[in-house]
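So the sequence shown is numbered by my numbering: it starts at 54 and just counts up by one.
All C-beta atoms in this analysis are idealised placements derived from N, C-alpha and C, irrespective of residue type, glycine included.
These numbers come from a predicted model, not from an experiment.
Okay, structure first, notes after.
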Amino acid sequence: ELARTIAAMRGVRNARVHLAIPERSVFIRDAREPTASVFLEVFAGRRPEPEQIRAIVNLVAGSIPMMNRDQVTVVDQNGNLLTGDEVQAETDRMKDQYEYTSRVEERLTRRVASLIGP
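This is how it looks when you write it as structure tokens:
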């Protein structure tokens, strides 16, 4: 059911959800947390948005008792890890690069306009 819900999201062609739910133990120290892996097959040329990945993680973690969000891993059909701190760092780098490029373009546009204009 989780896979069908995820597959209904924009840009997702297919999804599979693999759950590892440990057996309950009477010993507290032997207790393990459940984990989940989500495999996304996205349409060609598409990459899920960070908000969409967070939504998938929250959907899966919220559907399984005792599962934390950091126990959910999402990968795409190319083997790209779509969750984790390194993914967020890459997203932040891309955002910074875009903002820098926009500032440079704006500055150059003003210079050209001042050279051409009256």
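By the neighbour-count criterion, in which 16 or more other beta carbons inside 10 Å mark a residue as buried, Pro101 falls on the buried side. Your pair Glu94 and Gln130 checks out as a contact, with CB atoms roughly 5 Å apart and the cut at 8 Å.
Boundaries of the beta strand (DSSP E) around Arg69: 65-73. It is roughly 12 Å from the alpha-carbon of Ala60 to the alpha-carbon of Ile106. A distance below 8 Å separates the beta carbons of Ala89 and Met120. In this structure, the CA atom of Pro87 is about 23 Å from the CA atom of Asn67.
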